[in-house]
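In the working numbering, the protein residues as written are 364 to 541.
Yeah, the Cβ is synthetic: ideal placement off N, Cα and C, and Gly gets one too.
Since the structure is predicted, the reported quantities are computational estimates derived from the model, not experimental observations.
Take a look at the structure set out below.
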Amino acid sequence: MRTAPGERLEVLVRAQDIQSRVQLLGQHITQDYENKELILIGILKGSFVFIADLARAIDLPLAVDFMAVSSYGMSTKSSGVVRIIKDLDESVEGKHVLVVEDIVDTGLTLNYIYSHLKSRGATSVKICTLLDKVSRRQIAVPVHYKGFEIPDAFVVGYGLDVEERYRNLADVCQVVQS
Ligand code: 5GP
């Protein structure tokens with residue numbers, strides 16, 4: 364893909380590895396949520412590609428909803444301030460909620476979302492993330508389903524952006540200044 368001047372992309376997780384991992388996650392989730400009323404909640408915008416693939420890898424009836432919260436804005440560092448920009452369309456009361464996130468970094472965003480959804484009367488709240496930067500964690504969050512652990516690097520692709528670019532990459536890549 365065409366990059367901005369002075370930028371180069373290095374593949375960290377290949378598209379085909381993402382696809383097989385997502386299929387496996389889908390199989391685990393299918394087993395775990397058999398006969399339960401499941402709702403997938405995608406955290407916008409970064410999770411839009413992951414949730415589209417994951418939903419199709421789950422062989423159960425399910426609902427899909429989205430939330431958007433503020434995270435990094437136009438910077439690449441977490442501000443620690445979490446604010447709801449778009450709330451859910453439907454109530455989660457009495458439902459089994461699976462939060463679908465692109466990446467867990469400090470954990471601040473998911474920690475907020477997790478407590479928020481629990482306080483809304485969901486029967487259960489679990490977290491599924493494609494990527495986990497475990498070494499960056501500032502607050503413990505229960506990650507129930509995980510695609511890949513990655514090192515402390517800023518990544519793009521498969522939904523993740525830098526200033527809105529690269530969301531449509533099939534691989535997860537590191538942006539390197541060249
Ligand atoms: P946390 O609150 O865990 O620090 O940050 C979570 C959010 O920060 C993610 O949902 C994502 O929007 C953003 N983020 C964290 N690390 C990265 C990264 O390496 N690349 C991109 N594009 N966004 C990231």
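Exercise for the section: Identify, in the order they occur along the chain, each residue of the same chain with its Cβ nearer than 7 angstroms to the Cβ of Arg483, setting aside the five sequence neighbours on each side. Expected result: Here residue 483 refers to the residue found at position 120 when the sequence shown is read from its first residue. Within the same chain, Arg483 has close Cβ partners Val455 and Glu456.
Practice task
From the DSSP output, in three-state form, read off Thr486 for me.
Solution key: Taking the sequence shown and counting its residues from 1, the one referred to as residue 486 is at position 123. Correct three-state label for Thr486: coil.
Handout entry: alpha helix (DSSP H) runs wholly inside the region 367 to 413, at least 4 long, in chain order
Key = 378 to 395
Exercise for the section: Kindly list the residues whose CB is nearer than 7 angstroms to the CB of Asp428, restricted to its own chain and excluding five residues on each side of it in sequence; keep chain order. Expected result: In the sequence shown, the residue the question calls residue 428 occupies position 65. So the qualifying residues of the chain are Ile402, Ile404, Leu451, Asp452 and Glu453.
Exercise for the section: Kindly indicate the opening and closing residues of the beta strand (DSSP E) around His459. Expected result: The residue you call residue 459 lines up with position 96 of the sequence shown. First-last of the beta strand (DSSP E) with His459: His459 to Val467.
Handout entry: Helix, strand or coil at Leu480 [DSSP, three-state]
Key = For this step, residue 480 is matched to residue 117 along the sequence shown. If DSSP states are grouped into helix, strand and coil, Leu480 belongs with the helices.
Practice task
Starting from Phe511, follow the beta strand (DSSP E) in both directions and report where the run begins and ends.
Solution key: The sequence position of residue 511 within the sequence shown is 148, counting from 1. Residues Tyr508 to Glu512.
Handout entry: Endpoints, beta strand (DSSP E) assigned at Ile448
Key = Position 85 of the sequence shown holds residue 448. Judged by DSSP secondary structure, Ile448 falls within the beta strand (DSSP E) whose first and last residues are Ile447 to Lys449.
Problem - Limits of the unbroken beta strand (DSSP E) element including Val425 - result: Position 62 of the sequence shown, counted from the start, is the residue given in the question as residue 425. In the sequence under discussion, the amino acid at residue 425 is Leu, which differs from the Val named in the question. For Leu425, the enclosing beta strand (DSSP E) has its first and last residue at Leu425 to Val432.
Problem - Three-state class that DSSP yields for Asp524 in the structure shown - result: Within the sequence shown, residue 524 is the residue found at index 161, counting from 1. Of the three classes helix, strand and coil, the one that applies to Asp524 here is coil, per DSSP.
Problem - Start and end residues, beta strand (DSSP E) containing Gln501 - result: The residue given as residue 501 occupies position 138 in the sequence shown. It is not in any beta strand (DSSP E) - Gln501 carries neither H nor E in the DSSP assignment.
Practice task
Taking all protein chains shown into account, decide if Glu373 is buried (16 or more other Cβ within 10 angstroms of its Cβ) or exposed.
Solution key: Indexing the sequence shown from 1 puts residue 373 at position 10. Exposed.
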